[in-house]
Structure formats: structure tokens, C-alpha cells
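Quick note, the sequence shown lines up with residues 125 to 592 if you use the working numbering. In this text, a Cβ means the ideal position worked out from N, Cα and C, and glycines have one as well. If you're wondering where the values come from, they're calculated on a predicted model, not measured in any experiment.
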Amino acid sequence: MNEPIVFKQSVLVRQLVLIQVLVPPILAIGMLYGLAHAYDWNYGGQLRIVGVLIAILAPTVFKRPELSTLTILPRWGTIAFSLVFRWMVLLALLIAIGYLTKTSEDFPRRVVISWALITPIPLILVSITVNEIVRRFMLASSNIRTAVVAGYNDVSQVLLKRIQADPALGLRVAGFFDDRSAERLGVAAGRELLGGLSGLLGYAQTHRIDVIFIALPMRQVQRVVDLLDELRDTTASIYFVPDIFVMDLIQSRTADISGVPIVAMCETPFQGTRGVIKRTMDVGIGSVAVVLLAPLLLIVGILIKLGSPGPVFFRQRRYGLDGQIIDVYKFRTMTVTEDGASIQQATRDDKRVTRLGKFLRRYSIDELPQLFNVLAGSMSLVGPRPHAVVHNEEYRRLIKGYMVRHKVLPGITGLAQVNGCRGETTRLEDMKARIEYDLDYLRQWRPTLDVKILFMTAVQIFGDRKAY
């Protein structure tokens, strides 16, 4: 779940958060005026109009969470990446407005370019500084909230571990309430178990408890309803923790449909702006790669044509996003082009592999035509590797959760590949390990993970002994 429990918020903390909201527009306007003065640019009213546009657009583009639902304070790297991306969005909007109003040529390029390149630096530094100040105030002892949990079970124990592992949540769990005895639960007397559920209300009132988590099984619906009714006589925030969260969830989060609450149990990580970021990275990096590698692609194509009879490219049907069949392209490295009901995986010293094909497969050059799949939108640079349709149909019956990997676009490389899971899968365990890495990718995706995988792929190309 992405939305954490809210911190206690003093007036000072609220003022600091407000400063976070105001930093981007104030800094952007200040830098523009400063550079205009440095370059002796004085356009009077036009400069003020740009300042007004920034003041209007920046708060929306750099929008922070509402004060009442303040999220966990982000890390420095997350702040920097988010600010650079949002800064690019702001520049794009200003450029579009300038183009539509035919005023873009009225502004000196050196001022605009300097402003566009320099401003993100102080913006990131100031934002990180303010964020660190906010973090220190929010994690101060006076802002730590005290919580208790109704129910001692697997769900509540997982919740406790997550809270203890993340100080940024600003929570301290005082203990648990459960109608079962400490001996039955295997808990040392007086250590974590504070009493039965009937004593929860009194404890919350006398110990100024801020948060109460109800982690009772969903089958005890009536007990949950009764407990909620009793706890209305407190000022504590109350949260229900459904026991579905002991399951293996993919990108779980809560939402609502016209006011009806729902829980996402298996969803793609590329919803909303995350999908835009992912696609922008694919198109940007993919386009640059195609331009730089064009001479190599041409030379390899000619060598394949001259080296053995058959087409230059090998096309095979594979499963893509949401299980839709796509055509994946590779340089032909074998004397055969199998794409039927029975496909034999390549093995070490496979007689079907051509002499040139061995070299291409050894350094993964045969995969480069998939860059065109990326630009066309049927693949991504990073994601679960697509398997032949016949292999998909085989393994989806043998491996639980196999098809979940198709919630995202397949990739040229992936988390499984940089962790050694590539090449022939002679055992079912080999494929299970690959699938587990694919699902981990869906669980923990962030833009920096893609960059890390691409870097690791480039490094491993020259030392991978499983490529044959």
C-alpha cells in the first residue's frame, strides 16, 4: 500500500510542508529574473507574464500530497528524479504556450536555455534541504504516534515488522489485544499482549492512544463491527487491516470507485504517470540506441545474408502485454526458424546454430532488432523476457502465477536475466526461479531499477557463460 498513516502535524510542520509547496514556483521565478538581470535582458511586461504563468502552472506540476494525507517522506534520489521529470513537464507546457501564442521568439535563447539547465540544480538542493528539515521535525519524539493492534495473528505480526522496519512511518506499537491467552498464543506474559479485546477501549482512553489497527480475520465481521462501535468513544484513528495482505500481492493499493472502497490485489505498476515515465524512457533510450547502432545492424544483416540461406530476421510469436500475441524480431542465428506447436530451446553446442550465430548469441547482438519492437510499443527495454507461445502454454499449467508476468510489456532484458536466469531451462526449478524474479520486478518497479538493470546487462554481456 502506498498511502501510510498520517503523522501528528504541528503548526510548524504544516508551515514547513507549505514551504515545500512554494519552493518550485518561487525558485523558478527567482532564477528567471536573476538570469534576465545577468544577461541584461529587460522585457518588462513579458517577463512578468512568464512569472505569472510559472506561478499558475508550477503548483499543479509540482503538486505535493494533501496535508491531511501526507505520504512517507521520500528519499533523496526519488526527490531528484521527480523534480527533474516535473521540471521537464513545466518546460514543455511553457514552450507549448509560447508556440501557440507566437511569442517564443521574443525571448533570448541564451536566457531560456541557461534557465532551463541551471534551475533544476538549486531546485533539487533546496527541496532536499527542506525535505530533510521536515523529516527531522516529523520524526521527533513529540510527533511519534502510539498505536495498538486488535488481534494477535500473522497479519498483525507482519504489520508490526513493517512498522518497526520503517521509522519514517512515525509509529510505535505499544502492544496487542486478543481474547486468547498469552500461553495459547505463545507470547511471553506482559510482553506484547496487553489484554483482551474488551479492555481495548479503556486502555486507549487512559493511555492516549493515537492509532488503533483492527487486524481480526474477515470471518469475524460481527466482532469487528461491535469493536468499531465501542471505539467511537475515543479520539484515536482506527484502521482495519484485512487478512488478505498475508497473500502474495502485486502492486497492492487501495482506491475507490465512486465512493466504494476497493483493494488492488494484482495490478500493473505502470498506471498513470508511472506508465508515462516508463514509455518516455523506452522511446528516448531506444531511439538513441537505434541511431547509434544503425551501422552495426546493417553490417550484421549483410553478414547473415551472405553466411547462410534464409531470412535476415527471425520472427516468432510470443505473449505480450495482457497475454496478447505479438511478433518478436531477432537476427537469425540458426539454420531453422521454428514457430510451431513444438519448439526446441537452444542448447550448448547446438548444431542448428550457425558459425556467425554463435558470435551473435554470445554477445546478445541477435536481440538488437527488438529495439524496433520497443519503439513500436509491443515491448519495453526492461521487463520479463517473452517466451514462445508453446512454452507459455506449457509453463502456465505448471507454475503458479506464471501469467501475472504479462501485466507489463515484455522486455529485451529483465531482472531475471541480470541475476543469471537466462539460457536453456532444463528443469522446472530453473523456470520457477526466472518467474519469481519477474514477479519481483513487478512488485518493486521504479525508474531507477530499469536503469540499474540496463547497466548490469551491459556489464554482463562480456561475461555471461549462459549465452549460447
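Could you tell me the boundaries of the beta strand (DSSP E) in which residue i lies?
i, result
"Asp380", "377-381"
"Asp451", "449-455"
"Arg509", "No beta strand (DSSP E) contains Arg509, which DSSP labels as neither H nor E."
From residue i to residue j, what does the alpha carbon distance come to, in whole angstroms?
i, j, result
"Arg479", "Gly410", "28 Å"
"Val499", "Trp569", "Note that residue 499 is Leu in the sequence shown, not Val. Answer to the nearest angstrom: the Cα atoms are 21 Å apart."
"Glu256", "Ala220", "34 Å"
"Phe186", "Leu215", "12 Å"
"Ser251", "Ile203", "8 Å"
"Lys576", "Pro510", "20 Å"
"Asn497", "Thr358", "58 Å"
"Gly399", "Phe261", "34 Å"
"Val583", "Met458", "26 Å"
"Val174", "Ala162", "17 Å"
"Gly535", "Val452", "11 Å"
"Lys556", "Leu283", "28 Å"
"Leu146", "Tyr526", "46 Å"
"Val407", "Leu430", "32 Å"
"Arg521", "Leu552", "12 Å"
"Gly538", "Ile287", "31 Å"
"Leu207", "Pro148", "9 Å"
"Ile585", "Asp490", "12 Å"
"Asp278", "Ile386", "22 Å"
"Asp230", "Gln170", "9 Å"
"Met580", "Ser228", "42 Å"
"Lys226", "Leu218", "12 Å"
"Arg234", "Gly544", "48 Å"
"Thr404", "Gly154", "29 Å"
"Asp446", "Ser502", "11 Å"
"Ile362", "Arg558", "40 Å"
"Val528", "Thr378", "19 Å"
"Val311", "Leu352", "26 Å"
"Val542", "Ser305", "49 Å"
"Val415", "Ala540", "28 Å"
"Tyr157", "Pro232", "13 Å"
"Ile178", "Gly222", "13 Å"
"Leu355", "Pro366", "18 Å"
Specify the secondary structure class of residue i as computed by DSSP and reduced to three states.
i, result
"Phe438", "strand"
"Gly158", "helix"
"Tyr363", "strand"
"Leu171", "helix"
"Ala388", "strand"
"Ser134", "Note that Ser134 scores 49 on pLDDT, short of 50, meaning its location in the model is unreliable and no value can be drawn from it."
"Thr184", "helix"
"Tyr526", "helix"
"Leu295", "strand"
"Thr193", "Because Thr193 carries a pLDDT of 34, less than 50, the predicted location of this residue cannot be relied on, and the following value inherits that uncertainty. It is helical."
"Ala264", "coil"
"Thr581", "helix"
"Arg269", "strand"
"Phe394", "coil"
"Phe231", "coil"
"Tyr71", "This structure leaves residue 71 out entirely; the chain is present only between 125 and 592."
"Asp574", "helix"
"Gly431", "helix"
"Ala274", "strand"
"Tyr163", "coil"
"Val498", "helix"
"Ile559", "helix"
"Gly535", "strand"
"Ile374", "strand"
Am I right that residue i and residue j are in contact with their C-beta atoms under 8 Å? What's the rounded C-beta distance?
i, j, result
"Pro571", "Val532", "Actually they do not touch by this definition, with Cβ atoms about 14 Å apart."
"Leu295", "Ser238", "Contact doesn't hold; Cβ gap of about 45 Å is too wide."
"Leu492", "Leu578", "About 14 Å; that fails the 8 Å criterion."
"Ala339", "Gly299", "Wrong, their Cβ atoms sit about 13 Å apart, outside the cutoff."
"Arg456", "Pro435", "6 Å"
"Asp334", "Arg269", "4 Å"
"Ala360", "Ser376", "Contact doesn't hold; Cβ gap of about 25 Å is too wide."
"Val297", "Val273", "6 Å"
"Leu563", "Ile374", "7 Å"
"Asp302", "Leu317", "6 Å"
"Asp574", "Leu505", "7 Å"
Name the two residues that bound the continuous alpha helix (DSSP H) containing residue i.
i, result
"Arg210", "200-224"
"Phe483", "479-486"
"Val514", "513-519"
"Ile287", "278-289"
"Val348", "345-354"
"Leu318", "Note, Leu318: premise wrong, no alpha helix (DSSP H); beta strand (DSSP E) at 317-319."
Is any non-hydrogen atom of the ligand NAD found closer than 8 Å to the C-beta of residue i, if you look at the structure I gave you?
i, result
"Gly399", "Looking for the ligand NAD in the displayed structure turns up nothing, as the structure carries no ligands at all."
When the cut-off is 9 Å and only beta carbons count, does residue i lie next to chain C?
i, result
"Ile153", "This model lacks chain C altogether; it includes just one protein chain."
- the stretch 229-243 in contact with the stretch 314-330 per 3-pair CB rule at 8 Å: no
- Tell me, please, whether the stretch 394-412 touches the stretch 434-443 by the rule of three or more beta-carbon pairs shorter than 8 Å. no
- Query: Does the stretch 516-533 touch the stretch 482-491, meaning 3 or more C-beta pairs lie closer than 8 Å?
  - Reply: no
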